[in-house]
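Its first residue numbered 13, the sequence shown is counted upward by one per residue in our numbering.
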Amino acid sequence: MEAGRTYRATAIVLRRVNIGETDRVIALYTREKGKISGIAKGARKALSKLAGASELFTYGRYFLAVGRELDIITQTEIRESFPRIRGDLKRVAHATYIAELVNALVEEHEANFELFDTLLSALYLLEGGVDPEIVARYFELQVMSLMGYRPELDRCLRCDRAPAGEGVMFSPSSGGVVCEECGPLPDDVIYLSGESATAMRRLLAAEPQALKDMQFAPAVKDELFHAIRWYVRYRTDREIKSTEFIQALAAAGTGAEEAG
Ligand SMILES: [Zn+2]
């Protein structure tokens with residue numbers, strides 16, 4: 013587009029970087045145009061109208077002018093600023109991870125309405141008090157499915173038979189379950205108990221509002237965390253930085269409602 017032309021987009025802030033004395037560059041995930049970057053001039057000045065709109069996770073309408081290098085954010089209408097996420101370290105950590113996952117997975121200017129809507133749903137679930145770990149696992153599985161990598165849990169990927177017993181052998185590199193009947197197991201298999209396999213099936217099939225009623229035992233959460241994280245890592249071929257932060261929080265035994 014020609015410099016100076018204006019456009020608007022419905023967007024969520026994925027990332028922000030401070031530039032110069034008072035400006036911020038933000039990565040927006042827009043419903044209409046996929047990921048775009050824009051500069052919010054003066055956003056760090058006291059009383060700037062762009063301050064809240066350039067915070068992480070903010071959802072709203074953004075008005076931009078096409079610039080020579082970076083588009084310029086001229087005006088915004090905030091629809092949701094997710095105060096409950098911001099006020100809770102564990103929720104912030106999980107929302108940050110989700111935003112980084114989207115940022116890592118999408119190219120600029122590639123719209124994906126379903127991915128946008130899934131991201132927005134995940135933020136509202138975190139805001140609404142749903143267990144952040146359940147939201148993160150749900151989001152990972154839904155995003156992998158949207159990218160064409162829905163894990164197979166019901167049949168062995170090599171011999172097509174239903175796994176014997178309740179527990180399954182999950183191989184991230186194979187894309188789901190493999191069995192011992194049809195050959196040696198791949199090196200990367202992770203054992204999932206019957207309860208964990210069922211939990212993963214429920215997360216794959218669930219509508220977002222159903223997450224409010226889900227509760228998983230700590231052992232199930234741990235198994236899902238490792239299996240799905242390796243799966244995402246294999247598919248994205250990239251470390252997601254905030255994982256370390258979430259693990260550090262867990263190691264520190266941080267209370268869920270601590271102010272961030
Ligand atoms: Zn098999």
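We treat Cβ as the ideally placed atom computed from N, Cα and C, and that holds for glycine.
Query                                                                                                                                                                         : Result
Specify the secondary structure class of L204 as computed by DSSP and reduced to three states.                                                                                : strand
Buried or exposed: which applies to H106, given that a residue is buried once 16 or more other Cβ atoms fall within 10 Å of its Cβ?                                           : buried
Quick check on the DSSP output: the alpha helix (DSSP H) that includes R241 runs from which residue to which?                                                                 : 230 to 248
For E119, I'd like the list of residues in its chain whose CB is within less than 8 Å of its CB, leaving aside the five on either flank, ordered along the chain.             : G46, K47
How big is the Cα-Cα spacing for S157 and G79?                                                                                                                                : 35 Å
Please determine whether the Cβ atom of R167 lies at a distance below 6 Å from any heavy atom of ligand 1.                                                                    : no
T22 and R36: beta carbons closer than 7 Å?                                                                                                                                    : no
Going by the CB atoms, is the gap between A111 and L165 shorter than 7 Å?                                                                                                     : no
Under a three-way DSSP split, which group does L26 fall into?                                                                                                                 : strand
Alpha carbon to alpha carbon, how far is A55 from S185? Give it in angstroms, no decimals.                                                                                    : 43 Å
Output needed for M159: all residues of its chain with C-beta closer than 8 Å, excluding positions within five of it in sequence on either side, in chain order.              : L117, R247
Give me whichever residues DSSP pairs with Q87 in a beta bridge.                                                                                                              : F75
Measure the beta-carbon distance from L216 to R167 and round it to whole angstroms, keeping in mind my assumption that it falls under 8 Å.                                    : Not a contact, Cβ separation roughly 14 Å.
Tell me whether R213 counts as near ligand 1, meaning its Cβ is closer than 6 Å to at least one heavy atom of that ligand.                                                    : no
List the residues that DSSP assigns as beta-bridge partners of K102.                                                                                                          : In DSSP, K102 forms no bridge with anything.
If you reduce the DSSP assignment to three classes, tell me which class S49 lands in.                                                                                         : strand
Identify the continuous beta strand (DSSP E) that holds S183 and give its terminal residues.                                                                                  : 180 to 183
Give the straight-line distance between the Cα atoms of M212 and L236, rounded to the nearest whole angstrom.                                                                 : 7 Å
Taking C-beta to C-beta, are I85 and G50 nearer than 7 Å?                                                                                                                     : yes
Assess contact between the segment 187 to 195 and the segment 215 to 235, defined as three or more Cβ pairs (one per stretch) separated by less than 8 Å. Is contact present? : no
CA-CA distance, H173 and L153?                                                                                                                                                : The amino acid occupying residue 173 in the given sequence is Arg; His does not appear at that position. Going from the Cα of R173 to the Cα of L153 covers about 23 Å.
For A134, collect the residues of the same chain with a Cβ closer than 6 Å to its Cβ; drop the 5 residues on either side in sequence, then sort them by chain order.          : I110, V147, F151
What are the boundary residues of the beta strand (DSSP E) that includes Y136?                                                                                                : Not the beta strand (DSSP E): Y136 falls in the alpha helix (DSSP H), residues 125 to 139.
Using only alpha-carbon positions, find the residue among N115, G141, H121, D143 that is nearest to L131.                                                                     : N115
Mind checking which residues open and close the alpha helix (DSSP H) that includes Y150?                                                                                      : 144 to 158
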